[in-house]
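Quick note on this note's numbering: the sequence shown kicks off at 34 and runs consecutively.
Where a beta carbon is used, it is the ideal one built from N, C-alpha and C, also for glycine.
Everything below concerns the one structure shown next.
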Amino acid sequence: MHASELNCSEQTWTLGHHDRFVRSWLAPDSPSSSLQREIVMGVVHGLGDHSGRFDETGRWFASRGVHVYAYDQCGHGKTPGRRMLIPSYESLLQDIDSFLSRLRELHRDASVGFLGPSMGGNLVLNHQLRGYSPMDWVVAASPMLRAVNPPGPIRLALLRLLSHLTPDRLLDKPVDPADISRDPEKQREFLDDPLVQQQVSLRLGRDLIDSGRWAIEHATALSTPTLVPHGDADVITCHRASVEFVENSHGRASMQIWPDGAHDLHQDIQREAYLQSLLDWINAQVADR
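Quick look at the structure:
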C-alpha cells in the first residue's frame, strides 16, 4: 500500500492521570514479507513540536509494515493544558512509560521501540537510563544532550537561580526554519504551522541542560539497543555530544553521522534514505531478539 493511501487516526488517551492527544498510523493487516515480527514505533516529539509534524514519517513506516503512534506531550500540540508549561521533567518520563505500557497492551507480541528526535531523544535516552520499563530498541535522533551554543557559567548560574524563583516563566526560543531542514517546502510548513511553539520555560530549559549532561555521563549503564543519528551541520543540538554518548555506551549505542544534515533529519532533503536506514537498523534489532 502506498503511504498516501494510509489513514491517520486521532484519539485522546489517558497517560497516568492526564489526557494526551494521540495520532496513529497503522500498517495494513499483514506485515510486509521482510518483517518476521510485528513492529511498533512510539514517537516522542521535540521541544515546541507536535505529533502532526510526523505525518509523513508515520505514513512512510506504516506503508512498510510498522505501526506508528505519536502523542502530543504536556503543553504541546492538541494536548489540553497551558502551552509550554511542564510540571516537571520527571512527568515527561512518566508519560513515556505510560505510553509504552499502552502500546504493549495493544500489541502484546510486538517489538516495541521509540523514535525520539531532539528533546524527544533526550527523553527516551533518560527514560532507558533511569530504570523505567525497558524498550526493545531506541532511535534517539539529533538528541538534545547539549546545545551547539550552550550558556556560559554566568548565564547558567542565572538560569538556575531564576528557574527556582519563577520556574514557569517562558522565554522566547525562536528557530530559523533553515536550521530545521534544507527543504524549502518543509521550512514553509514549519512557519505556517499554528501548533508549533517557540518558547521554553526556565524550569524545562534547566532540566534539559542537566539531563543531557547526566545522560552522557551515565551512558555506560545503557542496556537497550540504541541508534543515534545526527547531522553534522546541526546548529541546534551538538552532534559531538551524541558522539560522546555513544563512546560512553560501550557498544550498546551506534552512531550514524549524516553529512550536511540539518536538525530534523526526518524533514531534511535526504529523508528517504534516512528513514530507510532507520528501518534497516530496526529490522536488524528485531531479527536479533
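Take P184 as the anchor and find which of T199, I269, D293 has the nearest alpha-carbon. I269
Collapsed DSSP secondary structure at H109 in the structure displayed: coil
Please report the straight-line C-alpha distance between Q9 and I119, rounded to a whole angstrom. Within the shown structure, residues of the chain are numbered from 34 to 322, placing residue 9 beyond reach of any answer.
Identify every residue that forms a DSSP beta bridge with Y104. V55, V77
Please say whether D297 and I213 have beta carbons closer to each other than 8 Å? yes
How should A173 be labelled, buried or exposed, when 16 other C-beta atoms within 10 angstroms of its C-beta is the threshold for buried? buried
Once DSSP output is grouped into helix, strand and coil, what is the label at V157? helix
Specify the secondary structure class of L235 as computed by DSSP and reduced to three states. helix
Using only CA atoms, which one of K111, L39, R56, H100 lies nearest to P227? K111
Say whether the segment 275-291 touches the segment 189-196, bearing in mind that this needs 3 or more beta-carbon pairs closer than 8 Å, one atom from each stretch. no
Determine the extent of the beta strand (DSSP E) in which F147 is found, giving its start and end residues. 144-150
Selection from D52, H83, W247 that minimises the alpha carbon distance to D105: H83
For a test of the three-state rule: what should DSSP assign to T205, helix, strand or coil? The amino acid at residue 205 is misidentified as Thr; the sequence shows Asp. Reduced to three states, the DSSP call for D205 is strand.
Beta-carbon spacing of L255, Q161 below 8 Å: yes
Can you give me the C-alpha to C-alpha distance between R246 and L158, rounded to a whole angstrom? 12 Å
Cβ contact check for the segment 227-240 and the segment 74-90: 3 or more pairs under 8 Å: yes
Assigned exposure category for L194 - 16 Cβ within 10 Å defines buried: exposed
Local Cβ density within 10 Å of N155, reported as buried at 16 or more and exposed below that: buried
Do the segment 92-104 and the segment 207-221 touch if we need at least three Cβ pairs shorter than 8 Å? no
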